[in-house]
Amino acid sequence: ITCGSNSRGPKGFITSPNYPVQYDNNAHCVWVITALDNRKVSHIYFLSFCFLSCYVLSFYHSELSQVIKLAFEEFDLERGYDTLTVGDGGKIGEARRVLYVLTGSSVPDLIVSMSNQMWLHLQSDDTIGSQGFKATYEEIDKGGCGDPGIPAYGIRTGERFLHGDMLTFECQAAFELVGERMISCQQNNQWSGNKPSCVCKMPFKNA
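First residue of the sequence shown: 30, per the numbering used here; consecutive thereafter.
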């Protein structure tokens, strides 16, 4: 079964075929997401006046590339047999462009492309299927990793998501942190670790 679409920003959503009902067997679906405006141009003028009407005019010009942020709301593929490959621009399926190969029922963390284009390739086998996935996409300025969110019952320190920025997580009372306490935004637009979770502490049993 062939399916998929070509989408352009600034934002939207993608679902597997038939979602929220089980996707088809032998599915080969490709979605391509492209930023509407892959370069935003900014201009800043500096005007300095001197005595007797002389002046100096300075001009600054910069181009800010747009990248794609992908966030999954639901995810359930037959583990090990059905996969969703997420790639960064270029030729679809090209190994060096692959960012992630996803399978199973764990909701993936935020994914940010390095170029103005991202593609998704769903492949299923000829047997058991699952519910599939739902994801939202959005254009963001290059140079950041996007908001990874705050875990339920958690607290986050840090509100910036640009290259080099760090976020620290902790949990509310009666909960303990599972995962990385601190993550940083890397040059490849990905966080150094996944968003942690907060789980209820197991009560101590009386001896």
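Quick reminder that beta carbons are idealized off the backbone N, C-alpha and C, glycines included.
Hey, would you say residue i sits closer than 9 Å to residue j, going by beta carbons?
i: D138; j: N55; result: no
i: V96; j: A124; result: no
i: T44; j: G161; result: yes
i: Q51; j: V141; result: no
i: S221; j: P180; result: no
i: S159; j: L113; result: no
If we ignore side chains and look at the alpha-carbon of each, how far apart do residue i and residue j end up?
i: H192; j: S94; result: 14 Å
i: H4; j: A164; result: What the structure shows of the chain is the stretch from 30 to 236, and residue 4 is not part of that stretch, so it cannot be assessed.
i: N35; j: V207; result: 37 Å
i: V127; j: K230; result: 38 Å
i: S153; j: L131; result: 12 Å
i: S213; j: Y129; result: 19 Å
i: I157; j: P49; result: 16 Å
Less than 9 Å between CB atoms is the rule here; does residue i satisfy it with respect to chain C?
i: F190; result: Structure shown: chain C not included; a single protein chain is present.
Shortest alpha-carbon distance to residue i belongs to which of the options?
i: G41; options: I62, V50, N47 and Y48; result: I62
i: S135; options: R108, N145 and H57; result: R108
i: D111; options: I140, C58 and R189; result: C58
i: A133; options: P225, F104, M211 and K171; result: What sits at residue 133 in the sequence shown is Gly, not Ala. With distances taken between Cα atoms, G133 lies closest to F104.
i: D170; options: E102, L128 and K98; result: K98
i: N47; options: G38, R37, G33 and Y182; result: G33
i: M195; options: E209, V228, I157 and S159; result: E209
i: K224; options: K230, T114, N217 and G175; result: G175
i: M143; options: I157, G172 and K120; result: G172
i: Q146; options: I212, Y129 and W60; result: W60
Whose C-beta lies closer than 6 Å to the C-beta of residue i among residues of the same chain, with five residues either side of it excluded?
i: E27; result: Outside the displayed span of the chain (30 to 236) sits residue 27, for which this structure offers no information.
i: P232; result: none
i: E168; result: G38, P39, A64 and Q95
i: E102; result: K163
i: G119; result: R126
Tell me the DSSP bridge mates of residue i?
i: K163; result: T44 and E103
i: M231; result: Paired residues: none, contrary to the question.
i: V96; result: I169
Can you give me the Cβ contacts of residue i inside the same chain, cut-off strictly under 7 Å, excluding the 5 residues immediately before and after it?
i: V228; result: F204, E205 and V207
i: Y182; result: C200, Q201, F204 and C227
Residues in the same chain with beta-carbon distance under 8 Å from residue i, minus the five sequence neighbours each way, listed in chain order, please.
i: I121; result: V59, V61, W148 and H150
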